[in-house]
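K.L.:
Before I ask anything, let me first share the structure, which is written out below as structure tokens.
There are 2 protein chains.
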Amino acid sequence: MQDFGDSLPMLLYRALHVVMPRFRAIFAEFGLTEPQWRVLRVLWQHEEIAFRELAEATLVPAPSLVGVVDRLHAGGLVERRRSESDRRNVYVRATSTGHALEAEVMPAVEAAYRELRAMLDDERWGGLVDGLKLLAATNTTSGDDAGDDERPRTVPRRHGANTSRGASS
Amino acid sequence: MQDFGDSLPMLLYRALHVVMPRFRAIFAEFGLTEPQWRVLRVLWQHEEIAFRELAEATLVPAPSLVGVVDRLHAGGLVERRRSESDRRNVYVRATSTGHALEAEVMPAVEAAYRELRAMLDDERWGGLVDGLKLLAATNTTSGDDAGDDERPRTVPRRHGANTSRGASS
DNA sequence: AGCTAATAATTAATATATTAATAATTAACA
DNA sequence: TGTTAATTATTAATATATTAATTATTAGCT
Numbered sequence: 022m023q024d025f026g027d028s029l030p031m032l033l034y035r036a037l038h039v040v041m042p043r044f045r046a047i048f049a050e051f052g053l054t055e056p057q058w059r060v061l062r063v064l065w066q067h068e069e070i071a072f073r074e075l076a077e078a079t080l081v082p083a084p085s086l087v088g089v090v091d092r093l094h095a096g097g098l099v100e101r102r103r104s105e106s107d108r109r110n111v112y113v114r115a116t117s118t119g120h121a122l123e124a125e126v127m128p129a130v131e132a133a134y135r136e137l138r139a140m141l142d143d144e145r146w147g148g149l150v151d152g153l154k155l156l157a158a159t160n161t162t163s164g165d166d167a168g169d170d171e172r173p174r175t176v177p178r179r180h181g182a183n184t185s186r187g188a189s190s
Numbered sequence: 022m023q024d025f026g027d028s029l030p031m032l033l034y035r036a037l038h039v040v041m042p043r044f045r046a047i048f049a050e051f052g053l054t055e056p057q058w059r060v061l062r063v064l065w066q067h068e069e070i071a072f073r074e075l076a077e078a079t080l081v082p083a084p085s086l087v088g089v090v091d092r093l094h095a096g097g098l099v100e101r102r103r104s105e106s107d108r109r110n111v112y113v114r115a116t117s118t119g120h121a122l123e124a125e126v127m128p129a130v131e132a133a134y135r136e137l138r139a140m141l142d143d144e145r146w147g148g149l150v151d152g153l154k155l156l157a158a159t160n161t162t163s164g165d166d167a168g169d170d171e172r173p174r175t176v177p178r179r180h181g182a183n184t185s186r187g188a189s190s
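Note that the protein sequences, when read in sequence, are chains A and B.
Each position in the first sequence, counted from 1, maps to that position plus 21 in my numbering.
Each position in the second sequence, counted from 1, maps to that position plus 21 in my numbering.
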């Protein structure tokens, strides 16, 4: 078979590994981590959004999103609200401070994005985007939330509890 | 501009989000996490490899790799060795137990990979792979280890120290 | 109404990511 | 040769990912 480094997953990871640092540098200028940026980026377009949809739109897993929203709230950038009609649901929105950040961050991000876009000619870019969209669309079924027919799943033997690092043998 | 969800980074993240769970389920059957799998996958092809190269080949950042190797070592799957010629360098290799895992894990992984490959016709797949390789090759310069001419970098104001989660306002 | 199952957010526990700092070692060179 | 700079792995501190468990609430049914 082909080399491990040329497998599709590693190519995807490598692309992100190469592309994201320059964006993260921008986020960091404004004291934002990447997940925090993603949350704000979505809130800038949705007066208010359900916690669950926010997790889906940002691809930040719900348990992580709890902490991300916590820290954005501590920073005065977002607010929580529990639904009155169904008290299980939580809605999130940006504060005025949070919204104000858009005008500061977006210009630099859009400039970086244009640079990124310019690295590939129209045909390559189109082929790349098409392939990615197809992948995401093709098997959303079993990949997104695990349908219900999982694998046999043998008893997983744990490899490595923790602690101890002798120089070697 | 386009929708956030259709930006290249989000498309890359979404592709991984859709593709990886089925692989991780396989790794989990053998008590392996994804980074642990990546390390073993590389060690199966390199009798011995320098710590630094292992980090590059697996795309596991060095500080994380320390712990990953720790746990694999605790599980009896890999061994460390400090170079005699240059005692700064560490070499890692799989134990016999670690090597034995290859025959157990690879079949399932390769089957899953063939399924993945079958989701796109040759042309789409080729366009996708080409685009990804170009991306990775094009700006390895500034993305990989940050050349040396960074951005102005304003004073980053921290957004959210931590703790406290009042229901809302 | 009352019981049970389903849903939504959260907590818990562990592993990894990220950035900066540290310790040990080696290279460079005055 | 001795002092300083560069390299390499590691530690430290914080944030996020991942999976399972928990809590609160609502839906479904009898």
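Just so it is clear, CB atoms sit at the ideal spot from N, CA and C, and this is done for glycine as well.
Assign A/GLU100 to one of two classes, buried (16 or more other C-beta atoms within 10 Å of its C-beta) or exposed (fewer than that).
P.N.:
Under this definition A/GLU100 is a buried residue.
K.L.:
For the candidate residues A/TRP146, A/ALA36, A/PRO30, whose alpha-carbon lies nearest to that of B/PRO42?
P.N.:
The residue with the shortest Cα to Cα distance from B/PRO42 is A/PRO30.
K.L.:
Counting along the chain, where does the beta strand (DSSP E) carrying B/GLU100 start and finish?
P.N.:
Element bounds for B/GLU100: 99-103.
K.L.:
Compare the C-beta of B/PHE25 against all C-beta atoms of chain A and say whether one is closer than 8 Å.
P.N.:
For B/PHE25, the answer is yes, since a Cβ of chain A falls inside 8 Å of its Cβ.
K.L.:
By the DSSP assignment, the alpha helix (DSSP H) with B/VAL81 in it spans what residues?
P.N.:
No alpha helix (DSSP H) holds B/VAL81; DSSP gives it neither H nor E.
K.L.:
Taking Cβ positions only, does A/ARG109 come closer than 8 Å to chain B?
P.N.:
No, its Cβ sits nowhere closer than 8 Å to a Cβ of chain B.
K.L.:
Helix, strand or coil for A/ARG191 per DSSP?
P.N.:
Outside the displayed span of chain A (22 to 190) sits residue 191 of chain A, for which this structure offers no information.
K.L.:
Beta carbon of B/ALA158: closer than 7 Å to some heavy atom of the ligand MN?
P.N.:
This structure does not include the ligand MN; it has no bound ligands of any sort.
K.L.:
Excluding the 5 residues preceding and the 5 following B/LEU156 in the sequence, name in chain order all residues of the same chain whose CB lies nearer than 7 Å to its CB.
P.N.:
Closer than 7 Å at the Cβ level, and outside the excluded window around B/LEU156, lies no residue.
K.L.:
DSSP puts A/ALA71 in a beta bridge; with which residues?
P.N.:
DSSP lists A/TYR112 as partners of A/ALA71.
K.L.:
Give a yes or no on contact between the stretch 88-105 of chain A and the stretch 116-135 of chain A, applying the rule of three or more CB pairs nearer than 8 Å.
P.N.:
Enough Cβ pairs lie closer than 8 Å, so yes.
K.L.:
In chain B, which residues lie with their C-beta within 9 Å of the C-beta of A/SER104?
P.N.:
Per Cβ cutoff of 9 Å: no residues; A/SER104 is ~11 Å from chain B at best.
K.L.:
Just verifying my parser: in three-state terms, what is the DSSP assignment at B/MET41?
P.N.:
Three-state result, B/MET41: helix.
K.L.:
Assuming B/VAL90 and B/THR79 are in contact, meaning their beta carbons sit under 8 Å apart, how far apart are those beta carbons, in whole angstroms?
P.N.:
Their Cβ separation, rounded to whole angstroms, is 10 Å, which puts B/VAL90 and B/THR79 out of contact at 8 Å.
K.L.:
Taking all protein chains shown into account, do 16 or more other C-beta atoms lie within 10 angstroms of the C-beta of A/GLN57, making it buried, or fewer, making it exposed?
P.N.:
Buried, since its Cβ has 16 or more Cβ neighbours within 10 Å.
K.L.:
Please state whether DSSP places B/TRP58 in a helix, a strand or coil.
P.N.:
If DSSP states are grouped into helix, strand and coil, B/TRP58 belongs with the helices.
K.L.:
Could you spell out where the alpha helix (DSSP H) holding A/ASP143 opens and where it closes?
P.N.:
Unbroken alpha helix (DSSP H) run through A/ASP143: 143-159.
K.L.:
In three-state terms, what does DSSP make of A/PHE51?
P.N.:
Three-state result, A/PHE51: coil.
K.L.:
Hey, would you say B/GLU16 sits closer than 8 Å to B/ARG102, going by beta carbons?
P.N.:
With chain B running from 22 to 190 in the structure shown, residue 16 of chain B is simply not present.
K.L.:
Going by C-alpha to C-alpha distance, which of B/GLY26, B/ARG59, B/VAL60, B/PHE72 sits closest to B/TYR112?
P.N.:
Among B/GLY26, B/ARG59, B/VAL60, B/PHE72, the Cα nearest to that of B/TYR112 is on B/PHE72.
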